[in-house]
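Heads up, the thing below is written out as structure tokens.
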Amino acid sequence: MIYADAVTPRLKYAVRLLLETVLRIPSGITADREEFARYEGPKISYGKEKFAQAFHIIPSGLLSETGLRNFLPVADVVEGMPVLFPAKDADGCFDVFSAAFYLVTRYEEYLAFHPDQHGRFPATESMLYRQGWLGRPLVNEWALWLASKLASVFPDFSFNEPPYQCIPTIDVDSAFAYCHKGFFRNLGGAVRDVFLNRKPGLSERIACLTGKKEDPFYTFEWIHQIHSRFRISARWFFLLGRYGRYDKNISPVHPAMQKIIQDCAANGSVGIHPSYHSFGSEQKMRREKELAESVLRQSVTMSRQHFLRMRFPETFRNLIRIGIREDYSLGYSTHPGFRAGITTPFLFYDLLREETTGLMLYPFAFMDRTFYGPDGKVTEKAAEIAGNIIQSVQRVKGTLIFIFHNETFAGPGKEWRDFYQKILALAINPSNDQASGT
Numbered sequence: 024m025i026y027a028d029a030v031t032p033r034l035k036y037a038v039r040l041l042l043e044t045v046l047r048i049p050s051g052i053t054a055d056r057e058e059f060a061r062y063e064g065p066k067i068s069y070g071k072e073k074f075a076q077a078f079h080i081i082p083s084g085l086l087s088e089t090g091l092r093n094f095l096p097v098a099d100v101v102e103g104m105p106v107l108f109p110a111k112d113a114d115g116c117f118d119v120f121s122a123a124f125y126l127v128t129r130y131e132e133y134l135a136f137h138p139d140q141h142g143r144f145p146a147t148e149s150m151l152y153r154q155g156w157l158g159r160p161l162v163n164e165w166a167l168w169l170a171s172k173l174a175s176v177f178p179d180f181s182f183n184e185p186p187y188q189c190i191p192t193i194d195v196d197s198a199f200a201y202c203h204k205g206f207f208r209n210l211g212g213a214v215r216d217v218f219l220n221r222k223p224g225l226s227e228r229i230a231c232l233t234g235k236k237e238d239p240f241y242t243f244e245w246i247h248q249i250h251s252r253f254r255i256s257a258r259w260f261f262l263l264g265r266y267g268r269y270d271k272n273i274s275p276v277h278p279a280m281q282k283i284i285q286d287c288a289a290n291g292s293v294g295i296h297p298s299y300h301s302f303g304s305e306q307k308m309r310r311e312k313e314l315a316e317s318v319l320r321q322s323v324t325m326s327r328q329h330f331l332r333m334r335f336p337e338t339f340r341n342l343i344r345i346g347i348r349e350d351y352s353l354g355y356s357t358h359p360g361f362r363a364g365i366t367t368p369f370l371f372y373d374l375l376r377e378e379t380t381g382l383m384l385y386p387f388a389f390m391d392r393t394f395y396g397p398d399g400k401v402t403e404k405a406a407e408i409a410g411n412i413i414q415s416v417q418r419v420k421g422t423l424i425f426i427f428h429n430e431t432f433a434g435p436g437k438e439w440r441d442f443y444q445k446i447l448a449l450a451i452n453p454s455n456d457q458a459s460g461t
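In this text, residue positions in the sequence shown follow this note's numbering: the first is 24, and each later residue adds one.
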């Protein structure tokens, strides 16, 4: 039970996030002193006043506000742990509820920032990056810290650790490199190959189009086999928008594309990958969702933004309006780590409307593009960096989500395929610190 002078929507959200979503502990909040005094279980007093037999947290004031203000919370390291909103003279050394709320709602992304070339919020603008904390799932760490504090104060307090999960996800931006793209797209590609003196590319294009060689981007059967061997299923996100500079998949009405989508649904689950061109347009996003549903003949409720283009809160409001229930966009393409400081799926909170929505956000920790070297190969420290991220999720019993693309596994070399299998081995078998694929 938690006592607060005022029970606000922000406080309700933060309490449920830490206790119910992360720790899976039932929670209650009251502003009634008598009800709080009568309660016999573990208690938290969230206010300036300290109550007897209650764990005391001093509020920063953020959760009693409405609207936005341009500020940065104070950051510190207390008891060896990075914190926001530090506080003295309390059992809790910081306002854990405000800290979690600030990170998870992406408060800083509602404020003015310097966007990258695609209009995105850069990792380097984030507070977690600037503090050097981007690689830590701090909200999960804070939740476990709070649980340990409650256990030390209330001997009867206990909770069941949440189960660790691994969810591989695959984005399909281009199902084929050459095949099924039509005469004019292939003619243009062949002209570029000649003009840029890319003889191997031209030879491969001709071989694929004449049926002498399998299209290099068609790696789906191999991916299904690997997932079957590891006894895990993936979530697939298909780019179904109209052709454009950044949207270059084949048409979803093409039989070859429809077969791939249906096969992936049979081996996992399928969502949409709202196109670059659909950014900011509810109508275009809805059309792409309807295309996916017409192919699958079932409702589609998952989504991930192409190029990870999102704007708070507009993108997520659009997703809600078209019937999306789960979004997998929250992360950075340029940096591994935890954009919202959390590695557990959570409900989206609309800061401008001050309301908890029904849209579940699934944050990812890293993606293949983060580890691309200049030559297209896996960077030297990729395995070490990914391994550290995986271990950090496993330590807090979080949900590990990562992104790969079907075309990543193209080409004659086995490097990316071996890397993916190593990632799966580490992610699925926590005791495997030395894993390799075949």
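Glycine included, every Cβ here is placed at the ideal spot set by N, Cα and C.
Quick test of your reading: residue i and residue j, contact by CB under 8 Å. State the CB separation rounded to the nearest angstrom.
i      : j      : result
His296 : Phe339 : That belief does not hold up - the Cβ atoms of His296 and Phe339 are roughly 16 Å apart, past 8 Å.
Arg33  : Leu86  : 4 Å
Tyr201 : Arg228 : 5 Å
Tyr462 : Leu374 : This structure leaves residue 462 out entirely; the chain is present only between 24 and 461.
Gly264 : Glu311 : 6 Å
Tyr385 : Glu349 : 6 Å
Leu447 : Pro191 : 7 Å
Tyr355 : Arg327 : Tyr355 to Arg327, Cβ: 13 Å. No contact.
Ile345 : Asn163 : No, Ile345 and Asn163 are not in contact; Cβ-Cβ is about 30 Å, not under 8 Å.
Met308 : Asn272 : That belief does not hold up - the Cβ atoms of Met308 and Asn272 are roughly 16 Å apart, past 8 Å.
Asn429 : Phe180 : Wrong, their Cβ atoms sit about 47 Å apart, outside the cutoff.
Gln154 : Pro105 : 7 Å
Thr379 : Ile347 : Not really, about 16 Å apart at Cβ, beyond 8 Å.
Quick one: what's residue i bridged to in DSSP?
i      : result
Trp259 : Ile193 and Val293
Gln188 : Thr422
Leu370 : Met383
Thr53  : Tyr26
Phe389 : Phe425
Tyr395 : Val401
Met280 : Looking at the DSSP assignment, Met280 forms no beta bridge with any residue, so it has no partner.
Met325 : Glu349
What is the residue span of the beta strand (DSSP E) that residue i lies within?
i      : result
Ala450 : Per DSSP, Ala450 belongs to no beta strand (DSSP E); it is in the alpha helix (DSSP H), Glu438 to Ile451.
Thr380 : Glu378 to Leu384
His428 : Thr422 to His428
If you follow the alpha helix (DSSP H) that residue i is in, where does it begin and where does it stop?
i      : result
Ser171 : Leu161 to Val176
Tyr125 : Val119 to Val127
Ser356 : It is not in any alpha helix (DSSP H) - Ser356 carries neither H nor E in the DSSP assignment.
Met308 : Glu305 to Leu319
Leu38  : Reading the sequence as shown, one finds Val at residue 38 and not Leu. Its alpha helix (DSSP H) spans residues Pro32 to Val38.
Gln248 : Phe243 to Arg252
Ile345 : That residue, Ile345, is in no alpha helix (DSSP H); it is neither H nor E in DSSP.
Glu403 : Neither: Glu403 is in no alpha helix (DSSP H) and is coded neither H nor E.
Tyr266 : Here Tyr266 belongs to no alpha helix (DSSP H), and DSSP marks it neither H nor E.
Glu131 : Tyr130 to Tyr133
Arg152 : For the sequence presented, residue 152 should be read as Tyr rather than Arg. Element bounds for Tyr152: Met150 to Gln154.
Check whether the region 138-153 and the region 58-77 touch, using three or more Cβ-Cβ pairs below 8 Å as the test. no
Give a yes or no on contact between the region 351-364 and the region 406-414, applying the rule of three or more CB pairs nearer than 8 Å. yes
Extract the residue ranges of the beta strand (DSSP E) inside the region 61-110, only unbroken runs of 3 or more that lie entirely within it. 67-69, 78-80, 98-101 and 104-107
Would you call the region 44-51 and the region 93-103 in contact, with 3 or more CB pairs under 8 Å? no
Kindly confirm or deny that the region 445-454 and the region 249-258 touch, where touching means at least three C-beta pairs closer than 8 Å. yes
Touch test, the region 109-120 against the region 67-85, Cβ-Cβ under 8 Å, three pairs minimum: yes
Examine the Cβ distances between the region 311-321 and the region 283-292 and report whether three or more of them are shorter than 8 Å. yes
Three Cβ pairs or more, each shorter than 8 Å: is that satisfied between the region 417-424 and the region 232-243? no
Report yes or no: do three or more beta-carbon pairs, one from the region 239-251 and one from the region 162-178, lie closer than 8 Å? no
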